[in-house]
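Data first, discussion second: the structure below is written as structure tokens.
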Amino acid sequence: MRKQRFGLLASLSVAALILGACQGTGPGTGSGSQGPTSDLKIGLVTDVGTLDDKNFNQFSWEGAKQGAQAIGAPEPQSVVTTASADYAKNIQSFVDQDYDIIVTVGFALGNDTTKAAKANPNIKFIGVDQGLCVTESGDPDPDFGCKGDAAKLLPNYQGLVFKEQQPGYLAGIVAASISKSGHIAAIGGTKVVPAVANYIAGYANGAMSVNPDIKVEQQFVSEAPDNAAFNDPAGGKAFAEQLLAQNPDVDVLFQVAGKTGNGVLQAACDANIHAIGVDVDQHESTPESAKCIVTSAEKKLTKAVSDAIKRVADGSDKGGTVPLDITTDSIGLAPFYDAQSLITPDIQSKIDAAIKGLKDGSIDPCSPTACV
Amino acid sequence: MNLRRTLSLVTIPLLAIVLALIVGAVVIIASSPLVSGHLDLVLPLRAYAALVSGAFGTVNGLIQTIVSASPLILAGLAVSIGFKAGLFNIGAQGQFLVGAVAAAAVGAGLAHAPAPVAIGVSILAALVAGAVYGFIPGFLKAFTGAHEVVTTIMLNYIAIQFVAYLITGPLRATGATFARSPSVGAAELPVLIGRNGHLGILFALVAVPIAWWLLYRTTIGFEVRTVGANPDAARYAGMSPRWIVIATMTVCGLLAGLAGAGEILGITGYMPAGYSTNVGFDGITVALLGRANPIGILFGGLLLGAMRAGSNLMQIQAGVPVQMIDVLQGVILFFLAAELVVRYVFRVRAARAQVTELQTVSRSYGQQTTP
Chain S
1 MRKQRFGLLA SLSVAALILG ACQGTGPGTG SGSQGPTSDL KIGLVTDVGT LDDKNFNQFS
61 WEGAKQGAQA IGAPEPQSVV TTASADYAKN IQSFVDQDYD IIVTVGFALG NDTTKAAKAN
121 PNIKFIGVDQ GLCVTESGDP DPDFGCKGDA AKLLPNYQGL VFKEQQPGYL AGIVAASISK
181 SGHIAAIGGT KVVPAVANYI AGYANGAMSV NPDIKVEQQF VSEAPDNAAF NDPAGGKAFA
241 EQLLAQNPDV DVLFQVAGKT GNGVLQAACD ANIHAIGVDV DQHESTPESA KCIVTSAEKK
301 LTKAVSDAIK RVADGSDKGG TVPLDITTDS IGLAPFYDAQ SLITPDIQSK IDAAIKGLKD
361 GSIDPCSPTA CV
Chain U
1001 MNLRRTLSLV TIPLLAIVLA LIVGAVVIIA SSPLVSGHLD LVLPLRAYAA LVSGAFGTVN
1061 GLIQTIVSAS PLILAGLAVS IGFKAGLFNI GAQGQFLVGA VAAAAVGAGL AHAPAPVAIG
1121 VSILAALVAG AVYGFIPGFL KAFTGAHEVV TTIMLNYIAI QFVAYLITGP LRATGATFAR
1181 SPSVGAAELP VLIGRNGHLG ILFALVAVPI AWWLLYRTTI GFEVRTVGAN PDAARYAGMS
1241 PRWIVIATMT VCGLLAGLAG AGEILGITGY MPAGYSTNVG FDGITVALLG RANPIGILFG
1301 GLLLGAMRAG SNLMQIQAGV PVQMIDVLQG VILFFLAAEL VVRYVFRVRA ARAQVTELQT
1361 VSRSYGQQTT P
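One line per chain: the protein sequences are S and U, in this order. Under the numbering used here, the first residue of the first sequence is numbered 1, with each subsequent residue one higher. Under the numbering used here, the first residue of the second sequence is numbered 1001, with each subsequent residue one higher.
Quick look at the structure:
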């Protein structure tokens, strides 16, 4: 029913476009079909979980819907993954149904998306949070040497990654500006994961740009990217409590530790200090800690996915790893919500200046603390 | 087995499926405003039609059904052989995971070895790991009386944490941006049929007749069933219930471990730290659907596998989320367990008194059946 209705809408829209081209003005078909139209079928495969997880799945799905609307394509369809063994099967089901664009969400789907992109060169793939690493034949590289040129070998596969140091930098400005004690902290899962190190380097640099004398406590839960680093909220809470016990004047805490970090947020709430979330808008994704979350250093997944779809539609898409940054507003700060009152006009102007500087390149978020 | 008895065995599972489809239809209609924008009475038909066409409509769909069914059949056997000996093995999930991680570890180590060696040794490792993981609760039951329901549930958690430790620690692939084991390379199972019908589906299809033969045509199978029916009588007849319990649980673990090997070597090719699966628990549903009979389990596994394989098309074509499958499966399990309700609704008379897998489930905490 739904499919038919959109099919009808699409054909009406196409008719409208043709008529419009002939007569100079389109007659319009009612429900927002005056913009561009496209018959691209868009499918999205989630990582294990749910479509409304207020996290990667949901924000990527919003992006797919926005992208479809922007190019005038039929409403996208989703398949929710329920087990790790099903990634390939779920991607394949969209291939079998002749979909034109397939979005896969999360690094765990990178391997199977790479295989599917190689096997189906006529279908466009968009991988969220997936850096490409292929052999010279375009297969997933089992040794992670990444010798193959993904952009050439898989021109139909955009792997979207984000420059974490930039939202980290903005978070640092907020933290240093609202800190009364001049002592702030960041807790990372482990420093050996580049994304974590870059978020925190940007954070420290951003904070120093506001207050050169600020003390930025940087601690890491684990030596390795293991369970303790990213999957252990209770451990994260205990870790943060210890940090706060040793540094009682710390009054802003930035977490870069996945689910472990959700415990860090709770510890900040318990200690009645400010917290800053990571990756997604944690005010929404972790409502239990919303009252102390000032903002989040955010990957704007909705925008990123929507933009990638638009690139496919207008033919400007390039394959390979696509690093996204602030110039396309693909990263940034999440809304302040209740914490808006903390953000004085003076602080807001500092944030705006930093965004401008990051965009035009006059600010280096990796200085003085270097990124990796 | 005569026709009459077969009929009485399959009646309840079939009726449970019918009832589940009806309940599922009600759920789909109730939630149809979210899909169609209005109360859509034909949505269940469109959803079920898409489900069936996804699972059986194409050759690839059919192969996917068998691929999805294979681990469920093995896990179903792992649960049902326990039932035969009066044991409720809730540990198939843990046994599956240790089998999977063993295959991933050994496969990674032999990634550059000749394929037959790499495959053979990796599978052997999974069999041994699963068997050991089944042996533990069997041994505890036989020699301390610790109830297998309790110990296997606890061992499931240990398996999850153990796998996470291995993959994030010693087994972690260097260079990977997230925690996963290295690729299994040469140990990857060859595709025999279609685009993804891997060797692992043969394991399941071969395990079914072997399990049937062992249970119904050998002395040990007779002893297993006797211990399940009445441990005291078995002991009186000169059997050793202790060893039967240990041997049964070991074989259960071995089968579940084999299922794990098939999934890692045949499908993913590596194991991520957050490997998410429900095969071990779905095995309980399969075992109950198949009335703990290997032939029944073949069909029970195929049914659940078909639902897994067809669910994507159901979501793509009818807009009904794949989680509907979990609803159906849950309702099937409910009606299987609530056999009395089904008998009442359809006025089916009970079969002659005999020890059934259902009694094993329901008496798990009541009568202690220490061998």
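Yeah, the Cβ is synthetic: ideal placement off N, Cα and C, and Gly gets one too.
Using a Cβ-Cβ distance under 8 angstroms, would residue i count as near chain U?
i, result
"Ser84(S)", "yes"
"Gln266(S)", "no"
"Asn120(S)", "no"
"Val128(S)", "no"
"Gly131(S)", "yes"
"Thr295(S)", "no"
"Gly32(S)", "Only weak support exists for where Gly32(S) lies, its pLDDT of 46 falling under 50; the value from the coordinates is given anyway. Chain U contact via Cβ: absent."
Using CA coordinates, which residue listed in the options is at the minimum distance from residue i?
i, options, result
"Lys118(S)", "Ala108(S), Glu136(S), Val128(S)", "Glu136(S)"
"Gly320(S)", "Tyr199(S), Val128(S), Phe59(S)", "Val128(S)"
"Leu1333(U)", "Val1227(U), Gly1057(U), Leu1014(U), Ala1085(U)", "Leu1014(U)"
"Gly72(S)", "Val103(S), Ala176(S), Lys318(S), Ser38(S)", "Ser38(S)"
"Leu1313(U)", "Thr1065(U), Tyr1216(U), Ala1118(U), Asp1040(U)", "Thr1065(U)"
"Phe270(S)", "Glu241(S), Val278(S), Thr295(S)", "According to the sequence as given, residue 270(S) is Asp; it is not Phe. That would be Glu241(S), whose Cα lies nearest to the Cα of Asp270(S)."
"Thr1151(U)", "Gln1161(U), Ala1164(U), Ile1136(U), Phe1143(U)", "Ile1136(U)"
"Val1251(U)", "Gly1134(U), Pro1272(U), Val1224(U)", "Gly1134(U)"
"Asn205(S)", "Gly106(S), Glu62(S), Ala370(S)", "Ala370(S)"
"Pro1170(U)", "Ile1081(U), His1198(U), Val1101(U), Gly1300(U)", "Val1101(U)"
"Pro287(S)", "Asp249(S), Tyr337(S), Val322(S)", "Tyr337(S)"
"Asp112(S)", "Ile214(S), Asn231(S), Gln130(S), Ser367(S)", "Gln130(S)"
"Gln1141(U)", "Gly1120(U), Ile1246(U), Gly1099(U)", "Before going further, note that residue 1141(U) is Lys rather than Gln in the sequence given. With distances taken between Cα atoms, Lys1141(U) lies closest to Ile1246(U)."
"Ala353(S)", "Asp52(S), Leu132(S), Ala68(S), Val210(S)", "Val210(S)"
"Ile1153(U)", "Ala1115(U), Val1132(U), Ala1092(U)", "Ala1092(U)"
"Pro1321(U)", "Lys41(S), Thr46(S), Leu40(S), Ile184(S)", "Thr46(S)"
"Val1079(U)", "Gly1257(U), Arg1308(U), Arg1347(U)", "Gly1257(U)"
Mind pulling the chain U residues with CB within less than 9 angstroms of residue i?
i, result
"Val80(S)", "Gln1315, Pro1321, Val1322, Gln1323"
"Phe107(S)", "Thr1177, Phe1178"
Taking Cβ-Cβ distances shorter than 7 angstroms, what residues in chain U pair up with residue i?
i, result
"Gln97(S)", "Ile1316"
Which residues in chain S have a C-beta closer than 8 angstroms to the C-beta of residue i? List them in chain order.
i, result
"Ile1267(U)", "Ala85, Ala88"
"Gly1169(U)", "Ala224, Asp226"
Listing by chain order, which chain S residues have their CB less than 9 angstroms from the CB of residue i?
i, result
"Tyr1157(U)", "Per Cβ cutoff of 9 angstroms: no residues; Tyr1157(U) is ~13 angstroms from chain S at best."
"Asn1278(U)", "Thr82, Ala83"
"Gly1057(U)", "Neighbours of Gly1057(U) on chain S: none; closest Cβ ~10 angstroms, over 9 angstroms."
"Asn1060(U)", "Gln92, Asp96"
Can you name the residues of chain U whose CB is closer than 8 angstroms to the CB of residue i?
i, result
"Phe125(S)", "Neighbours of Phe125(S) on chain U: none; closest Cβ ~17 angstroms, over 8 angstroms."
"Ser93(S)", "Gly1054, Asn1312, Leu1313, Ile1316"
"Gln77(S)", "Gln1315, Ile1316, Gly1319"
"Val48(S)", "Gly1274, Ser1276"
Taking 8 angstroms as the CB-CB limit, is residue i close to chain S?
i, result
"Ser1183(U)", "yes"
"Glu1188(U)", "no"
"Gln1064(U)", "yes"
"Glu956(U)", "What is shown of chain U runs 1001 to 1371, which leaves residue 956(U) out entirely."
"Glu1357(U)", "no"
"Glu1148(U)", "no"
"Glu1223(U)", "no"
Assuming the contact rule is C-beta atoms closer than 8 angstroms, residue i and residue j should be a hit. Round their C-beta distance to whole Å, please.
i, j, result
"His283(S)", "Ile293(S)", "5 angstroms"
"Asn1282(U)", "Leu1072(U)", "The identity of residue 1282(U) in the sequence shown is Asp, whereas the question assumes Asn. Correct: roughly 6 angstroms between the Cβ atoms."
"Lys310(S)", "Ala70(S)", "6 angstroms"
"Leu132(S)", "Thr104(S)", "Actually they are not in contact, since the Cβ atoms of Leu132(S) and Thr104(S) sit about 12 angstroms apart, beyond 8 angstroms."
Residues of chain S with a CB under 7 angstroms from the CB of residue i: which are they?
i, result
"Ala1164(U)", "Asn227"
(Q) Output needed in chain order: residues of the region 142-158 of chain S with a Cβ under 9 angstroms from some Cβ in chain U. (A) Pro142, Asp143, Phe144, Gly145, Cys146
Q | Contact residues within the region 219-235 of chain S, judged by C-beta distance below 7 angstroms to chain U | A | Ala224, Pro225, Asp226, Asn227
Q. Between the region 252-280 of chain S and chain U, which residues of the former have CB atoms less than 8 angstroms from a CB of the latter, in chain order?
A. none
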